[in-house]
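Peer 1:
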Amino acid sequence: MFTISAFGGDYFFDGILDDFRIYNRALTEQEVSALFNE
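See the structure below:
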């Protein structure tokens, strides 16, 4: 099980992630924009 986060309480993401990436650094604004527009 992979828990993403909660907003102080029992409000957890209840869904499916079909595409996610993990980076070892912060992305630039341009990189985030390019990924968003894929």
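Be aware that the sequence shown starts at 0, since it is given in numbering that gives the first Met the number 0, and climbs by one per residue.
Cβ coordinates follow ideal geometry from the N, Cα and C atoms, glycine included.
Every value quoted in this text rests on a predicted model; they were computed, and no experiment measured them.
Have a look at ARG24 and GLU30 and give me their C-alpha separation to the nearest angstrom.
Peer 2: Against the sequence shown, residue 24 aligns to sequence position 25. Against the sequence shown, residue 30 aligns to sequence position 31. ARG24 and GLU30: Cα-Cα distance of roughly 12 Å.
Peer 1: Near ASP18, which residues of its chain fall below 6 Å by C-beta distance, leaving aside the five closest residues on each side in sequence?
Peer 2: Sequence index remark: in the sequence shown, residue 18 carries index 19 (1-based). So no residue of the chain qualifies.
Peer 1: Look up LEU34 in the DSSP assignment and say whether it is helix, strand or coil.
Peer 2: In the sequence shown, residue 34 corresponds to position 35, counting from 1. DSSP places LEU34 in helix when its eight states are reduced to three.
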